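Data first, discussion second: the structure below is written as C-alpha cells.
There are 2 protein chains.
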Amino acid sequence: MNARAAHRPNANHGELSDAALALVATRFRAMGEPIRLRMLRALERGEQSVSALTEAIGSTQPNISKHLKVLQDVGLVNRRQEGSAAHYSIADPMVFELCDIVCSRLRAQLEEQVEALGRGAGPRRRA
Amino acid sequence: MNARAAHRPNANHGELSDAALALVATRFRAMGEPIRLRMLRALERGEQSVSALTEAIGSTQPNISKHLKVLQDVGLVNRRQEGSAAHYSIADPMVFELCDIVCSRLRAQLEEQVEALGRGAGPRRRA
DNA sequence: TGCATTCATAACTATATAGTTATATCCTCA
DNA sequence: TGAGGATATAACTATATAGTTATGAATGCA
C-alpha cells in the first residue's frame, strides 16, 4: 500500500494496493463459475458432505473436490472432517448478498431491454 | 424485488435457471481480473477515452481495448463514440457496491487471522 | 489528397483451469 | 487385518483467455 492510502486505511475507492486488488479479483473469479455458484447455493441450506454435493450437483467427485478447494482457498467455504467424511459449509454469507445484487441488477437491465424492444422495433405486442 | 418475483419467493435462490446462473457467473468473471478492476476504478471519476485509460493503467492500447470489450459485453461499461475517439463510462455503479462488500469482508477476515495468530500459535511475542 | 491519430481486431504465444481417469490416503467395520 | 467407502490428488486433455505485435479502418487536419 502506498503512502497516500497509508493514512486513509478505509479508503476503499481511493488507493487500493495491487495486492488488495488481486485478492478482490480472486474472490470474484472464484464466484465466476456456474458450477461453483450451484455448489454455494446447495450449501445454503446447510453443511454438506462431498458425496452429497456430488450427487446434488451431478458431477464427478474429483471435480467437486477441486472446486471445493478453490472455494476454500478464497475463504468462501469451511471444511470440517468427521471420520472419513468431509463436510463443507458456507464460510461467508456475503456470497448470497453479492448474488442477490447481481441478480436484481441483471433483471433490471433485461427488463430495460425488453421495454426498449417493445417500444421500438420488433414484432408488435398484442393489445 | 419486483412483483413477479414477489409471489415466486424462490426465484432468486431457489430455482435459478442454468442460463441465469451462467449470466451471473459471467458478471463475476468479468470482475475477476485485477486490470479490469483497475479500469473500472479509473472510470469511477468519469468517462475516459481509450488512450487516456491506456495511459492511466499503464498497459498497451490493444490490451485495454480488449478488456473494455469484455466489460461492455457484460453491461458494466458504456461506449460513446466522438469523432475518432471512443469514450467509456461506468454503466452500472453496482460494481462499486460489490467491491466495497468484498473489500470490507476481506479486511474483516484478515483481521480475524491476525487476531488468531496473535493469540495462538506462531513465534512467541516478546514481553 | 496525404498524413497522423485513435481505436479495434487478427494472429499468435503462453498460461490457467475445467473436466476426466486413475490412484493414493485415511477411516470404519466385520 | 482385510474389505469397502469417502475424499484428495496426480496426470492428462481440451479450452479459454491475458498479453503481444502487426495491421486494418475510421476520423480529423494540413
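Residue numbers (my numbering), protein chains in the order written: chain A, 1044 to 1170; chain B, 1044 to 1170.
Backbone N, C-alpha and C define an ideal beta-carbon position, used for all residues, glycine too.
All of these numbers come straight from a predicted model, not from anything done at the bench.
Residue i versus residue j - alpha carbon distance
i	j	result
B:L1153	A:E1090	24 angstroms
A:A1065	B:C1142	12 angstroms
B:L1059	B:R1162	43 angstroms
A:I1100	A:R1150	25 angstroms
A:N1106	B:V1138	30 angstroms
B:R1084	B:L1114	13 angstroms
A:A1134	B:D1061	24 angstroms
B:D1116	B:T1069	10 angstroms
A:G1057	A:T1103	Confidence in A:G1057 is poor, its pLDDT being 49 and thus under 50, which makes the residue's placement too unreliable to answer from.
A:L1160	B:E1098	38 angstroms
A:N1121	A:M1082	13 angstroms
B:Q1124	B:P1136	21 angstroms
B:L1080	A:R1088	32 angstroms
B:L1096	B:L1086	8 angstroms
A:R1148	A:E1158	15 angstroms
A:L1119	A:A1063	17 angstroms
Within chain A, the residues that residue i reaches when beta carbons sit closer than 7 angstroms
i	result
B:E1140	I1144
B:M1082	Within 7 angstroms Cβ-Cβ: nothing; B:M1082 doesn't reach chain A, min ~11 angstroms.
B:R1162	Under the 7 angstroms cutoff, chain A gives no residues; its nearest Cβ is about 19 angstroms from B:R1162.
One or two residues paired with residue i in a DSSP bridge
i	result
A:R1123	A:H1130
B:Q1091	B:Y1131
Chain-ordered neighbours of residue i on chain B, where CB pairs are closer than 9 angstroms
i	result
A:A1095	Result: empty, since nearest Cβ-Cβ is about 18 angstroms, beyond 9 angstroms.
A:R1123	Going along chain B, no residue has its Cβ under 9 angstroms from A:R1123, so there is no contact; the nearest lies around 17 angstroms.
Contacts that residue i makes with chain B (C-beta to C-beta distance below 7 angstroms)
i	result
A:Q1152	G1118
Residues that residue i contacts on chain A, provided the C-beta gap is smaller than 8 angstroms
i	result
B:E1076	A1068, R1072
B:A1065	P1077
Amino acids of chain B, ordered along the chain, whose beta-carbon sits closer than 8 angstroms to that of residue i
i	result
A:A1086	Here residue 1086 of chain A turns out to be Leu, not Ala, going by the sequence shown. Simply none; closest approach about 12 angstroms.
Closer than 9 angstroms at the beta carbon, the chain A residues around residue i
i	result
B:L1149	A1063, L1066, V1067, R1070, G1118
Does the stretch 1125–1132 of chain A come close enough to the stretch 1081–1098 of chain A that 3 or more CB-CB pairs lie under 8 angstroms?
yes
On the three-pair Cβ rule with 8 angstroms, is the stretch 1105–1124 of chain A touching the stretch 1066–1085 of chain A?
Taking 8 angstroms as the limit for Cβ pairs, the verdict is that the stretch 1066–1085 of chain A does touch the stretch 1105–1124 of chain A.
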